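**Q** Just so we're aligned: the sequence shown equals residues -19 to -1, 1 to 233 in mature numbering (1 follows the signal peptide of the UniProt record, and there is no 0). All C-beta atoms in this analysis are idealised placements derived from N, C-alpha and C, irrespective of residue type, glycine included. Computed from a predicted model, the values in this text were never measured in an experiment.
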Amino acid sequence: MRTSVALSLLGAAATGVAAQKPLPTAAAVTNNPSCLVAEAVLPENAWQKNGFPNGGNIKGKVVAKSGDGGVGVQFNVEVSGLPEGGPFTYHIHAKPVPENGNCTATGAHFDPTERGEDPVCDKSKPETCQIGDLAGKYGAIPAGNTTFSASYVDKYASLVEGSDAYFLDRSIVFHFPNKTRITCANFKITEPACSGSTTGVAAPTGSDSAHTTGGAPSPSGTLPVAAGASLSASSMTGVAAALLGGAMMLML
Ligand SMILES: *[C@@H]1O[C@H](CO)[C@@H](O)[C@H](O)[C@H]1NC(C)=O
Ligand SMILES: *[C@@H]1O[C@H](CO)[C@@H](O)[C@H](O)[C@H]1NC(C)=O
Ligand SMILES: *[C@@H]1O[C@H](CO)[C@@H](O)[C@H](O)[C@H]1NC(C)=O
Ligand SMILES: [Cu+2]
């Protein structure tokens, strides 16, 4: 009796170690700048370029803007011309799409909390999912649909350049059920942050290795900065912009 109790306790402790390794949790973002709008527009004929004759004629875009009151990011997803099959997943990936459109070069899912792929995302605990796993958190594109639209607010993504959860210098990738990449696009800022927007440039947050790998180009367009000033993204790095933003705040 005593032995079996001890053994079962030991067993519980052993499985407990494996099963209860806590997943990191993403912090809710509350300081997203208002007015800023970014879009990732899927390219024409991507399925042919990527070598999938059965890849449909997929078109569409993912629009991202601040949720109400700066809380999270509202994503509006609209896709048409989906191929047969499914369900199709889609995610924010860690790196931008290069000039040649190669979706494989976008790397893994955007995962600043480093929770990894396993276990799969539990929709009821979105804070424990990869920030980039939008299909995991809000649902994949169902099988048999040639069109898909969805709109939701993700609390964990950031539009504040320099923060770990900032994703506008990254990409969105759509997948076949076997994970092969059908099409992909980069986010581009189409509307700058409002002047007087409370936030826009984050205080520098120290090293952000995921953010600086691969020489990721800044999104084209303008960077949101304090006091409504506009700076050309191509003329400076995000770090320089963040430092300048900090300096401007000191001056004001
Ligand atoms: C696409 O990118 C992947 C990963 O970087 C690379 O291995 C592959 O050769 C690239 N394909 C083409 C056609 O450039
Ligand atoms: C699936 O397709 C139907 C008909 O085209 C459409 O009404 C429905 O909204 C689509 N489902 C989603 C999730 O977009
Ligand atoms: C994945 O699925 C697509 C669509 O059915 C197919 O064209 C492609 O060859 C598959 N890739 C692999 C590696 O099985
Ligand atoms: Cu993906």
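When every heavy atom of ligand 4 is checked, does at least one fall within less than 7 Å of the C-beta of Val22?
**A** The answer is no for Val22.
**Q** Strictly by DSSP, which residues pair up with Tyr133?
**A** Tyr133 pairs with Phe56.
**Q** With 16 other CB atoms within 10 Å as the buried threshold, where does Ala124 fall?
**A** Classification for Ala124: exposed.
**Q** State the beta-bridge partners of Lys46 as determined by DSSP.
**A** Answer is Val18 and Gln55, bridged to Lys46.
**Q** What does the shell around ligand 5 hold, if a residue joins when its beta-carbon is under 7 Å from any heavy atom?
**A** For ligand 5, the structure offers nothing, since it holds only ligand 1, ligand 2, ligand 3 and ligand 4.
**Q** CB-CB under 6 Å to Leu225, same chain, minus the five flanking residues each way: which ones, in chain order?
**A** For Leu225, the pLDDT reaches just 37, beneath the cut-off of 50, and the residue's location in the model is therefore unreliable, leaving the point undetermined.
**Q** Under 8 Å by Cβ, that's how I've got Val60 and Gly41 pegged, so tell me the actual separation to the nearest angstrom.
**A** Sure, about 4 Å apart at Cβ, within 8 Å.
**Q** May I ask you to check if the CB of Val52 is nearer than 7 Å to at least one heavy atom of ligand 4?
**A** Checking every heavy atom of ligand 4 against the Cβ of Val52, none is found closer than 7 Å.
**Q** CB Asn13 to CB Leu115, shorter than 8 Å?
**A** Contact: no.
**Q** Opposite Lys169 in the DSSP bridges: which residues?
**A** DSSP, once it has assigned bridges, lists Glu20 as partnering Lys169.
**Q** Please state the DSSP three-state secondary structure of Lys118.
**A** Looking at Lys118 - three-state DSSP - the assignment turns out to be helix.
**Q** According to DSSP, is Glu80 helix, strand or coil?
**A** Of the three classes helix, strand and coil, the one that applies to Glu80 here is coil, per DSSP.
**Q** How would you call Gly50, buried or exposed, if buried means at least 16 neighbouring beta carbons within 10 angstroms?
**A** That one is exposed.
**Q** So the candidates are Lys76, His74 and Leu63; which of them puts its Cα closest to the Cα of Ser130?
**A** The candidate whose alpha carbon is nearest that of Ser130 is Leu63.
**Q** Leu23: which of Cys175, Arg162, Gly117 and Pro173 sits nearest, CA to CA?
**A** If we check each option's Cα against that of Leu23, Arg162 comes out closest.
**Q** Just the C-alpha distance for Val54 and Val134, rounded to the nearest angstrom, thanks.
**A** One C-alpha to the other measures close to 5 Å.
**Q** With the cut-off set at 8 Å, would you say Ile112 and Tyr137 are in Cβ contact?
**A** The answer is yes: Cβ separation under 8 Å.
**Q** Please classify Val78 as buried or exposed, where buried requires at least 16 other C-beta atoms within 10 Å of its C-beta.
**A** Answer is buried; the Cβ neighbour count reaches 16.
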